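Residues 817 to 1030 in our numbering are what the sequence shown lists, from first letter to last.
Glycine included, C-beta positions come from ideal geometry on N, C-alpha and C.
Because the structure is a prediction, the values reported are computed rather than measured.
Report on one structure; see the data block that follows.
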Amino acid sequence: MTSCDIPGLKVPRSRFPDPEQDLSQQGSEARLVLAGGCFWCVEAVYLAINGVTRVESGYAGGSAETANYQAVGSGTSGHAEVVDVHYDPSKVSFGELLKVFFSVAHDPTQLNRQGNDRGTQYRSAVFYETDEQKQVTEAYIRQLDAAGVYPEPIVTRLEPLDAFYPAEEYHQNFAARNPYQPYVMAAAAPKVEKLVANYPDRLKPEYVQSDNDQ
817 MTSCDIPGLK
827 VPRSRFPDPE
837 QDLSQQGSEA
847 RLVLAGGCFW
857 CVEAVYLAIN
867 GVTRVESGYA
877 GGSAETANYQ
887 AVGSGTSGHA
897 EVVDVHYDPS
907 KVSFGELLKV
917 FFSVAHDPTQ
927 LNRQGNDRGT
937 QYRSAVFYET
947 DEQKQVTEAY
957 IRQLDAAGVY
967 PEPIVTRLEP
977 LDAFYPAEEY
987 HQNFAARNPY
997 QPYVMAAAAP
1007 KVEKLVANYP
1017 DRLKPEYVQS
1027 DNDQ
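Given below as structure tokens:
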């Protein structure tokens, strides 16, 4: 696993377009399953967002028999490394979580890789549970491509969520538990820093910087 950024981003993240379509913000809990490279990084980003109640790293896209780190790491299992994001839609919307996914959590123009992490297990994908999730995500990808926020087309795949398989326990909340691990310092921490700098209104209280922190 190695570091990656979004060098082709043409607009500041703070001015990244809001989705023109979104899901209802009724109800007490909803979920969104995302693949954006190493799940340690994506998990760390979403754990910082106000309204997110739980994030679990895992695998999706393959069978139960190959839902383990060794098999997924071979790139032949069909799985992607994913995060299962549970959130309160009255506090943060599906579209707002998509905005973070496309602007901070990963580079959606890289096909079957993130930085030097290569293989289909690192693909960019949204695993949708409903037709509404699929439609909103498709519309947002079209919106971002039309706005030209990246120099290359977005290659994020939309795949039906047949099953989510939790990853091994040592992967859960990995970045927070291992802040000085080299990959975490090089890849996960900078993504969280970008979230904090560009979306301060989306943060849980413990991530909000005071004047003394700046």
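- It is roughly 7 Å from the alpha-carbon of D834 to the alpha-carbon of E912.
- When rounded, the separation of the alpha-carbon atoms in N932 and Q926 is 10 Å.
- Bounds of the beta strand (DSSP E) holding F943 are S940 to Y944.
- Per DSSP, the continuous beta strand (DSSP E) segment holding D900 begins and ends at A896 to Y903.
- Two segments are said to touch when three or more pairs of C-beta atoms, one from each, lie closer than 8 Å; by this definition the segment 940-947 touches the segment 848-856.
- For A962 and V1000, the gap between their C-alpha atoms comes out near 33 Å.
- Collapsing the DSSP output to three states places I957 in a helix.
- DSSP, reduced to helix, strand and coil, places Q951 within a helical segment of the structure shown.
- Judged by DSSP in its simplified three-state form, D1017 adopts helix.
- The segment 882-889 makes no contact with the segment 948-962, as fewer than three CB pairs between them are under 8 Å.
- DSSP places G889 inside the alpha helix (DSSP H), whose first and last residues are Y885 to G889.
- Just measuring C-alpha positions, the residue of S890, I970, S879 and G889 sitting nearest F917 is I970.
- By the neighbour-count definition (other C-beta atoms within 10 Å, threshold 16), T946 is an exposed residue.
- For K907, same chain residues with a beta-carbon under 8 Å away, outside a window of 5 residues either side, are N866 and G867 in chain order.
- When the five nearest sequence neighbours on each side are left out, the beta carbons in the same chain lying within less than 6 Å of the beta carbon of Q930 are those of C820, G853, H922 and Y938, in order along the chain.
- By the Cβ neighbour-count rule, T953 is buried, with 16 or more other Cβ atoms within 10 Å of its own.
- Remark: C-beta atoms of D904 and T869 approach each other more closely than 9 Å.
- For E872, the uninterrupted beta strand (DSSP E) run begins and ends at V868 to A876, by DSSP.
- Note on geometry: alpha-carbon atoms of V827 and L1011 lie some 15 Å from one another.
- Distance from the CA of G964 to the CA of A880, rounded to the nearest whole angstrom, comes to 39 Å.
- A straight-line Cα-Cα distance of about 8 Å links E968 and G824.
- Distance from the CA of V920 to the CA of R973, rounded to the nearest whole angstrom, comes to 17 Å.
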